[in-house]
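Worksheet for the structure shown next.
Numbering (UniProt numbering), first residue to last: 1 to 1018.
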């Protein structure tokens, strides 16, 4: 394990990585992606700001709506081109070519700007060039974001991208600061018209850096182009049938799409008015207007970028956690509405110019649009089922936003035409201000509509959260906790089935167990008994005196015995001065056993000597009662008592009780009271089917105290695989740091069934604790090493299968001697080959399990399912999934192993991991026995059977070591081999094996001793 850890000399580096929430192996990829995104964004922002200056100077802001309309078609068109390129080129070529192509027109634009006097069809080339420049800027932003997103998804797996992408995406914000403050200097040095050349150089530099990145991490990208058209059509049909949005989901999807559409509409309206005012304020400045506008925008962009970086890095996530998703989502529309009203009022009163108000409006919109809104957006999609979530996100980002931009452009043209005729003819200055006030009024109105849409989303969001929780779809780490609590309260208070309400309580317990009483305590009395019991059991996990009175009031009512017992326990645990006398009335024999046992156990905790004696006597009577229920409840009550005192005497008899329920209850008592002398009983309980579940639960409750016992049991090779599996399972359910340390440590040193079991246990741990535990301890490089080990082992298997199949065939049976027709040897060879094929399948399964630590579980599972199907088309699909998902260094070797190739071809594909040298079958068999620690028990036995039938000689060390193997049939095979290979050595060994624990082996020893004339039993 130490091989995968970073040495202590890198303490400063590790501290920096922890502060950035990065792992060492992610640093280089993250930095390179950050640089690519930053460099290209700097170039594009320079180009955008200079283009705006030229456009406003040449044509004015009233032509901008045509830009918005034209840009609405850019997104869908470029998406089509991008998709088409993926069908003819590998992805790692596509992303580099796209970025390089973005830079080419930037160099050509410089020449078009210089032709002010040259016209085509009455329109100057400069006009056409500047118009195309702005459209190309919009197109480049789309392509750059798409390129960055796709490249990041390829370079980082689903778990890495949660840490790395926020840093990569902040490259745009950093670029805003750098490009904004540097633009005035750049304008002074190269001039406005030459900025396109510098921008082109920056984008080209980014493409060169991206080329280096894709070549260095080429394993992260598929080598082939996209799936065929037929496959695409099948996918489209499947997706279409899976993406039907109806019922409550439709009611949620409509306002959700409206939310993002309104965000884009308001952004475009504010943007238009900002540039309109900027152009108007500089209209009388002369020929240097374009440079002045560009310089102003540069400083503005730099200042705004500083605020954006600070907000994104230090405020966004904290604000969402503190005030909730929906309050955060309302900040921007509420801010726009308030600032718009203030601008209207101050402008009408001639207190503040309209321009100042619009500058503040745009600053607020830009600041929060790319920070808070980006942080909130993923959470709003969480209640949507996974199978249609990506479709709705595509609808929003790929269709809704571009379309709304174009529609807004049309709306602006209509509004400009209306204001031209409805406003009285005044001075140009007054007319322009009044026109801006009309737009601001529209902006305020739309922001209020946006606020209403947020409220609609919240009202549907809480209902879908509950339904998602009921169906087990909701990731509890990604929800708005305050909204979820409101949803639980609303659902519990409304009439409905108990199943839905039970699901709500379970979900609330998962996400906020310590504060669950805050929701449940006020409504306890209105719940049905079954939910009262569930609620009290949940609240007892973290008892809080704040809810004492609510539970006490509940306990004074007529309740079922199970609920009353829980209420009494909660009151007793949270009351600083409990009334012990009130419990004594529950010790009467007429009281239900569960309440009587609970009262007795509670009195034994804090009563005086006489009270404890009375409670002890009550429990003694229950433990020796003839009725099973009395003994069960008395035994359960022992687990709640602090001191068992004389009741310990009854534990041995209870362990032998005829009632399984009593024995299972006692196992829980041993755990709850930490009776160390009876811990072996818990371990023995794992070996019996009837007590296995209870023993496992009791051991898990011991938490870290049980780890030494479990490790000893799990590492005992003489125990059955089932019992050892229970020990590993218990460690996984304990889930502490120490338990995960043990599991990961054994993952590195174990093999075969044990490694497979540990992998599955780690993958099943809740909240991906096992996955994160493995990544924290051995990292991605450690997992790649484990996969490499499996591939090398598969190579040894193929070498064995190839060399064993190279034996000359006579008749239908392989044999070394062409004149021999030894059918038993042929059968043994086939048995060994089948055993090796099973080992190959197991190693492949372990590779898929290891990949689940790095990539989405469902994606890896889909690939495994398709490959295991045996159908060529499905196998090809599974390999395609892996090619597009996996980015380990040995990806090509892995994919070739899973494809339909001969064993020799697969061996050649593993040449980078192992060198294959053909061996004689007998030498290959001895080589396999050198790898005996990696072979299954059956494969090991088959090796000895083949050696016996083929009369091949094995080394003494291999034979003697396997004679001590814990599995009986392996020892049987070794003894059968020795009988043929070395009868004299067998005679010396047989007396030592007479007492073999395996009945079949001991019987075999007796028969051999009789056949060979060895001495009798000593």
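Every residue, glycine too, gets a C-beta built ideally from N, C-alpha and C.
{"Query": "With distance defined between alpha-carbon atoms, name the residue in 290, 842, 211 nearest to residue 57.", "Result": "290"}
{"Query": "How far does the alpha helix (DSSP H) with residue 46 in it reach, from first residue to last?", "Result": "24-58"}
{"Query": "Could you check if residue 84 is buried or exposed, using at least 16 other CB atoms within 10 Å of its CB as the buried criterion?", "Result": "exposed"}
{"Query": "Out of 649, 24, 639, 695, state which residue places its alpha-carbon closest to the alpha-carbon of residue 664.", "Result": "695"}
{"Query": "Here's a check: name, in chain order, each residue in its chain whose Cβ is nearer than 8 Å to the Cβ of residue 464, leaving out the five neighbours to either side.", "Result": "248, 249, 252, 383, 384"}
{"Query": "What's the call for residue 689, buried or exposed, on a 16-neighbour Cβ count within 10 Å?", "Result": "exposed"}
{"Query": "Where residue 256 and residue 443 are concerned, what is the direct C-alpha to C-alpha distance, given to the nearest angstrom?", "Result": "20 Å"}
{"Query": "Quick check: what's the CA-CA separation for residue 943 versus residue 929?", "Result": "7 Å"}
{"Query": "Do the segment 677-689 and the segment 709-724 meet, that is, are 3 or more Cβ pairs less than 8 Å apart?", "Result": "yes"}
{"Query": "State yes or no: is the C-beta of residue 565 within less than 7 Å of the C-beta of residue 594?", "Result": "yes"}
{"Query": "Whole angstroms is fine: what's the gap from residue 662's alpha carbon to residue 562's?", "Result": "18 Å"}
{"Query": "Considering Cα atoms alone, identify which of 892, 772, 554 is closest to residue 568.", "Result": "554"}
{"Query": "Would you call residue 924 buried or exposed, if buried means 16 or more other Cβ atoms sit within 10 Å of its Cβ?", "Result": "buried"}
{"Query": "Can you round the beta-carbon distance between residue 279 and residue 61 to whole angstroms, since I take them to be within the 8 Å contact cut?", "Result": "5 Å"}
{"Query": "What first and last residue would you give for the alpha helix (DSSP H) that runs through residue 136?", "Result": "125-155"}
{"Query": "Distance cutoff 7 Å, beta carbons only. Does residue 855 sit that close to anything in chain D?", "Result": "Here chain D cannot be found, since the structure has a single protein chain."}
{"Query": "Could you tell me which of 643, 626, 622, 90 sits nearest to residue 633, measuring between CA atoms?", "Result": "622"}
{"Query": "Tell me the rounded alpha-carbon separation between residue 971 and residue 963.", "Result": "5 Å"}
{"Query": "Determine the direct distance from the alpha carbon of residue 298 to that of residue 344, and round the result to whole angstroms.", "Result": "27 Å"}
{"Query": "How long is the line joining the alpha carbons of residue 140 and residue 66, rounded to whole angstroms?", "Result": "18 Å"}
{"Query": "Counting along the chain, where does the alpha helix (DSSP H) carrying residue 945 start and finish?", "Result": "937-950"}
{"Query": "Buried or exposed for residue 169, please, with buried defined as at least 16 other CB atoms from any protein chain shown within 10 angstroms of its CB.", "Result": "buried"}
{"Query": "Would you check if the distance between the CB atom of residue 36 and the CB atom of residue 78 is smaller than 7 Å?", "Result": "no"}
{"Query": "Which class does residue 778 belong to by DSSP, given the choice of helix, strand or coil?", "Result": "coil"}
{"Query": "Take the Cβ of residue 270 as the centre, count every other Cβ of all protein chains shown within 10 Å, and call the residue buried at 16 or more, exposed below.", "Result": "buried"}
{"Query": "For residue 572, report the span of its alpha helix (DSSP H) as first-last.", "Result": "561-574"}
{"Query": "From the DSSP output, in three-state form, read off residue 1016 for me.", "Result": "For residue 1016, the predicted structure reports a pLDDT of 47, less than 50, and the residue's modelled location is therefore unreliable. A value from the coordinates is still provided. Coil at residue 1016, not helix or strand."}
{"Query": "So does the segment 299-316 actually touch the segment 98-106, counting three or more Cβ pairs closer than 8 Å?", "Result": "no"}
{"Query": "Taking the alpha helix (DSSP H) that residue 517 falls in, what are its first and last residues?", "Result": "517-520"}
{"Query": "Would you grab the beta carbon distance between residue 703 and residue 745 for me? Rounded to a whole angstrom, and I think it's under 8 Å.", "Result": "Not really, about 18 Å apart at Cβ, beyond 8 Å."}
{"Query": "Report the rounded CA-to-CA distance for residue 396 versus residue 402, giving the unit in angstroms.", "Result": "9 Å"}
{"Query": "Might you give, ordered along the chain, the residues of its own chain that have their beta carbon closer than 8 Å to the beta carbon of residue 900, omitting 5 neighbours on each side?", "Result": "872, 875"}
{"Query": "Roughly how many angstroms lie between the CA atoms of residue 96 and residue 936, to the nearest whole one?", "Result": "47 Å"}
{"Query": "By Cβ distance below 6 Å, which residues in the same chain neighbour residue 109 in space, the five residues on each side in sequence not counted?", "Result": "129, 133, 196"}
{"Query": "Whole angstroms is fine: what's the gap from residue 207's alpha carbon to residue 34's?", "Result": "13 Å"}
{"Query": "Taking contact to mean at least 3 C-beta pairs separated by less than 8 Å, is the segment 944-962 in contact with the segment 971-987?", "Result": "yes"}
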